[in-house]
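If you count by my numbering, then the sequence shown holds residues 32 to 217, one letter each, in order.
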Amino acid sequence: MILVSKARFFPTTPSGQRVAERDTIVYEERRTDWMEVKEETFYRYEKYVGMVVSSKSLDGRRTGTSQAHPPSYQYVGNPHYGSWGGGGFWQFYGQYALMSSLMGGWNVGRGDWEDYRRNRERGRPYYGPTKGGRPTFGSRGSQTQKTRPQFYQRQQSRRQAFSGQVKNRMGRTTSGWGRGASRFGK
C-alpha cells in the first residue's frame, strides 16, 4: 500500500523568447487543484519549499534538486536582467521587477550571489545566506517563516516532536558512552 500526501502547488511558470538579442520572460502563476503525491516524493522535496528545484543552466542543461536555489537567483549577475547597485546589491531592471517580488523582497548582495554560484558549481543546493545558524530560504528559512507562516509552524512542531522522541530514547540507553565516563585515568 502506498501512502499518499496531498500538497497544494502554486507553480510559477516562466516562458520566454529572444527579442532583439534579449530574453523576455513572462511568469504565469496559478493555483492548481490538489494533487496526490507519494509520501516519499513529498518528503524528498519538503526541505526546498519556496525554492527552484529544477532549472536550466546557461548552457541549456537541466539541473535538479542537488542544485536547488532561491527563486530568481539564476538571473542575478546577468547584465540583461539588472545590475549591481552602489550598495553592493543586485537591482533588476523595471521590466523584470516581478523577479524581485518572487524573492519576497529579498535583496541579493554580491557575497550572497558568490556563495550561490560556488554551491551551484559544486552541485549543492543553496538556501541563501545563513544568519544565526538559520538559512534564509527552504522549509527552515526566515523567508519561509514570513511568507508561509502556517507551513513553517507545522514544520517546527513536527521537528520538535521528533526531537523529543529522540531525547526520550537516548535517555533510556544503558550505555555509559558519551556521558563523560572513561576507563582511562588523568
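We treat Cβ as the ideally placed atom computed from N, Cα and C, and that holds for glycine.
Between the stretch 129 to 149 and the stretch 168 to 185, the count of C-beta pairs closer than 8 Å reaches three or more; the two stretches touch. Assigned with DSSP and collapsed to three states, Arg171 falls in coil, not helix or strand.
Cα atoms of Gly81 and Pro166: separation of roughly 13 Å, rounded to the nearest angstrom. In this structure, Gly154 sits near Gln98, with a CB-CB distance shorter than 9 Å.
Our two residues, Tyr147 and Gly117, have alpha carbons roughly 21 Å apart in a direct line.
Here the alpha carbons of Gly163 and Gln186 stand approximately 19 Å from one another. C-alpha of Thr178 to C-alpha of Gly91: approximately 31 Å in a straight line.
Note on Arg62: under 16 other CB atoms within 10 angstroms of its CB, so exposed under the neighbour-count rule.
Here the alpha carbons of Lys78 and Lys69 stand approximately 16 Å from one another.
The Cβ atoms of Arg75 and Ser85 lie no closer than 9 Å to each other. For Tyr158 and Pro101, the gap between their C-alpha atoms comes out near 7 Å. Lys87 is bridged by DSSP to Arg93. DSSP places Ser132 in no beta strand (DSSP E) but in the uninterrupted alpha helix (DSSP H) bounded by Ala128 to Leu133.
Exclusion of the five residues before and after Trp115 leaves Trp121, Gln122 and Arg141 as the residues of its chain whose Cβ lies within less than 8 Å of its Cβ. With contacts defined by Cβ atoms closer than 9 Å, Gly113 and Tyr104 do not form a contacting pair.
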